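These notes are about the structure you will find just below.
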Amino acid sequence: MKAPPTILPLELRDISFEAGGKRLIKDISCSFEMGPRSVIIGPNGAGKSLFLRICHGMIGPAAGEVIWHGAGGADPSRLQAMVFQRPMMLRRSVSANVDYALAIRGVPRAERKWRVDEALAHTGLRRLAASPARVLSFGEQQKLALARAWALRPQVLFLDEPTANLDPAATYAVEQTIQEIHEAGTRVIMTTHDLGQARRLADEVLFLHRGRLKEKAAAETFFAGPKNDLAQGFLRGELLWWKKKPLTPPGGKPLAG
Ligand SMILES: Nc1ncnc2c1ncn2[C@@H]1O[C@H](COP(=O)(O)OP(=O)(O)OP(=O)(O)O)[C@@H](O)[C@H]1O
Ligand SMILES: [Mg+2]
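Throughout, the numbering used here is defined as the position within the sequence shown, counted from one, plus 11.
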């Protein structure tokens with residue numbers, strides 16, 4: 012079967028997002044070409060998950076445009092997938108969860124069987140294939156979410172903190188799987204709070220802070236020394252939210268400066 016043409020590049024043009032009266036994503040413009048793995052980093056609450064959801068099309072920006080240049084106006088949703096920070100599982104077995112994801116995309120039953128097996132094998136979940144997905148540990152659920160995405164063979168895969176609940180061995184296994192997904196030709200765009208992981212997996216880094224894209228650079232350049240001062244502080248492990256407003260007890264001196 013001939014592979015459909017790539018939906019990339021993905022371009023975000025001046026996107027903003029608002030909720031609860033706040034601007035949470037502010038005027039971000041950037042594009043993602045075919046090829047490299049992009050890792051989005053930044054402090055908690057920086058807008059990383061929102062940014063990925065906007066790219067994925069799950070939420071629409073309040074302003075700006077999300078353009079899949081290769082899709083030529085067609086719906087790109089079947090050719091890209093996302094693994095969420097808190098994945099949702101169906102009340103079915105592990106293998107049925109993967110099978111369902113394929114079925115709703117119209118994959119024929121005969122093909123589904125081997126694609127489910129392959130995805131479970133790649134994520135180390137074969138022995139749990141018949142277990143109810145809801146009884147899996149957090150880490151196992153995260154692997155199942157990755158298996159579901161892997162089975163879909165998307166052109167572009169968004170991963171939001173794919174190893175947030177995993178132990179070191181499971182983290183290593185998931186990183187290997189992400190690498191395999193990348194080598195199989197899927198464009199990986201992911202977030203992580205783990206700087207070691209960003210160094211291991213990133214070809215390019217995006218640094219977000221308070222809803223703004225502060226820097227986008229080749230990983231080597233970024234880790235050698237980011238241009239942005241907040242990114243420099245973040246790499247040094249400084250708590251960026253302390254920088255602007257030191258805590259001041261009523262009538263007293265600041266607790267930290
Ligand atoms: N629907 C919403 N309504 C109001 N505020 C929201 C909404 N969704 C997200 N936010 C806020 O937007 C900010 C960015 O959230 P987001 O989940 O994207 O951060 P993040 O960078 O992924 O953080 P973390 O590292 O903790 O995962 C947060 O301050 C969050 O409270
Ligand atoms: Mg997040």
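The beta carbon of each residue, even a glycine, is placed where N, CA and C say it ideally should be. Quick caveat: nothing in here was measured; it's all calculated off a predicted structure.
Of all the CB atoms in chain C, is at least one closer than 8 Å to the CB of residue i?
{"i": "Glu191", "result": "Of the protein chains in this structure there is only one, and it is not chain C."}
If you count every other CB in all the chains shown that lies within 10 Å of the CB of residue i, and 16 or more means buried, which is it?
{"i": "Asp171", "result": "buried"}
{"i": "Ile200", "result": "buried"}
{"i": "Gly32", "result": "exposed"}
{"i": "Ala85", "result": "exposed"}
{"i": "Pro15", "result": "exposed"}
{"i": "Gln91", "result": "buried"}
{"i": "Trp161", "result": "buried"}
{"i": "Lys154", "result": "buried"}
{"i": "Glu186", "result": "buried"}
{"i": "Pro119", "result": "exposed"}
Less than 8 Å between C-beta atoms, sequence neighbours within five positions excluded: which residues of the same chain meet that for residue i?
{"i": "Arg102", "result": "Pro143, Ala144, Arg145"}
{"i": "Gly83", "result": "none"}
{"i": "Arg137", "result": "Asp128, Leu131"}
{"i": "Asp178", "result": "Gly150"}
Ignore the nearest five residues each way along the sequence and tell me which others in residue i's own chain have a CB closer than 6 Å to its CB.
{"i": "Glu44", "result": "Pro20"}
{"i": "Pro98", "result": "Gln152, Ala156"}
{"i": "Ile78", "result": "Glu22"}
{"i": "Gly56", "result": "none"}
{"i": "Phe233", "result": "Val216"}
{"i": "His67", "result": "Met93, Phe169"}
{"i": "Ala229", "result": "Glu215"}
{"i": "Glu76", "result": "Arg24"}
Spatial neighbours of residue i within its chain, please: CB distance less than 7 Å, with the 5 preceding and 5 following residues excluded, ordered by chain position.
{"i": "Lys59", "result": "Ile51, Gly53, Thr202, Leu219"}
{"i": "Leu224", "result": "Ile39, Cys41, Leu217"}
{"i": "Arg123", "result": "Asp110, Leu113, Ala114"}
I want to check one thing, is the minimum distance from the CB of residue i to the heavy atoms of ligand 4 below 7 Å?
{"i": "Asn55", "result": "By its list of ligands, the structure shown excludes ligand 4, since it contains just ligand 1 and ligand 2."}
Are residue i and residue j touching if we call contact CB-CB under 8 Å?
{"i": "Gly135", "j": "Ala184", "result": "yes"}
{"i": "Glu226", "j": "Ala242", "result": "yes"}
{"i": "Gly150", "j": "Ala181", "result": "yes"}
{"i": "Ile65", "j": "Ile36", "result": "yes"}
{"i": "Ala10", "j": "Ser104", "result": "Because the chain is modelled from 12 through 268, residue 10 falls outside the range shown and cannot be assessed."}
{"i": "His133", "j": "Thr174", "result": "no"}
Assess, as a yes-or-no matter, whether the stretch 52-72 is touched by the stretch 202-209 under the definition of 3 or more beta carbon pairs within less than 8 Å. Three or more Cβ pairs closer than 8 Å define a contact, and the stretch 202-209 meets that threshold against the stretch 52-72.
Whose CB is closer than 7 Å to a heavy atom of ligand 2? List the residues in chain order. Selection output, chain order preserved: Lys59, Ser60, Gln96, Asp171, Glu172, Thr202.
Pairs of beta-carbons, one from the stretch 57-73 and one from the stretch 105-114, closer than 8 Å: are there three or more? Fewer than three beta-carbon pairs drawn from the stretch 57-73 and the stretch 105-114 are found closer than 8 Å, and the two stretches are therefore not classed as touching.
Would you say the stretch 115-129 touches the stretch 189-197, given that touching needs at least three Cβ pairs under 8 Å? No, because fewer than three Cβ pairs between the stretch 115-129 and the stretch 189-197 fall closer than 8 Å, the two stretches do not touch.
Do the stretch 163-179 and the stretch 22-34 make contact, defined as three or more Cβ pairs closer than 8 Å? Segments in contact, no.
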